Amino acid sequence: HSKSQSLLGRVQSLLRSVSRAVDLIMTHFGSSRDPEEKMRLGNSSCSPTIAGLVLEHLCPAIQNILEDGLRDHKLDFIIGQRRNHSWNVVEISTRIDVTPSRSAAS
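Below, the structure is given as structure tokens:
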């Protein structure tokens, strides 16, 4: 029972950190109603604050969630077990599918 409470507490803590980061970012964008100003607020060249909010709060919170649910190792058919990292998830999720689509004629 205490093991499930410990897991629940850890998950709640992870989610709270994401929620805090999102709240900070929403507050940043909420400082203006003007759509053009909101665009500037989201551009790190014009508003370095957004870069800090994302890099110092949101990214670490998401990384902690990824690492919490990530298995320590993954099975690789060529080299056997290899260490899993949160960057593997990022690389796979941003990979572009380069498989050619079938043409209507085929």
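Heads up, the sequence shown is in the UniProt record's numbering, so the first residue is 1 and it goes up one at a time.
In this text, a Cβ means the ideal position worked out from N, Cα and C, and glycines have one as well.
Keep in mind that this is a model prediction, so the values were computed, not measured.
Task: Opening and closing residue of the alpha helix (DSSP H) in which serine 13 lies - done: Stepping through the sequence shown from its first residue, residue 13 is reached at position 13. Its alpha helix (DSSP H) spans residues 2-29.
- [ ] Would you identify the three-state DSSP class for arginine 40, choosing helix, strand or coil?
- [x] As a first step, residue 40 must be located in the sequence shown, where it is residue number 40. Helix, per DSSP.
Task: Rounded straight-line distance, which links the Cα of arginine 40 to that of aspartate 34 - done: Here residue 34 refers to the residue found at position 34 of the sequence shown. Here residue 40 refers to the residue found at position 40 of the sequence shown. Distance between the alpha carbons of aspartate 34 and arginine 40 is about 10 angstroms.
- [ ] Since I believe serine 86 is in contact with glutamate 67 (beta carbons under 8 angstroms), could you give me their beta-carbon distance rounded to a whole number of angstroms?
- [x] Here the question's residue 67 lines up with position 67 in the sequence shown. Here the question's residue 86 lines up with position 86 in the sequence shown. With a Cβ gap of about 5 angstroms, glutamate 67 and serine 86 count as contacting.
- [ ] Can you have a look at leucine 15 and say buried or exposed, based on whether 16 or more other CB atoms are within 10 angstroms of its CB?
- [x] Locating residue 15 in the sequence shown gives position 15, where the first residue counts as 1. With fewer than 16 Cβ atoms within 10 Å of its Cβ, leucine 15 is classed as exposed.
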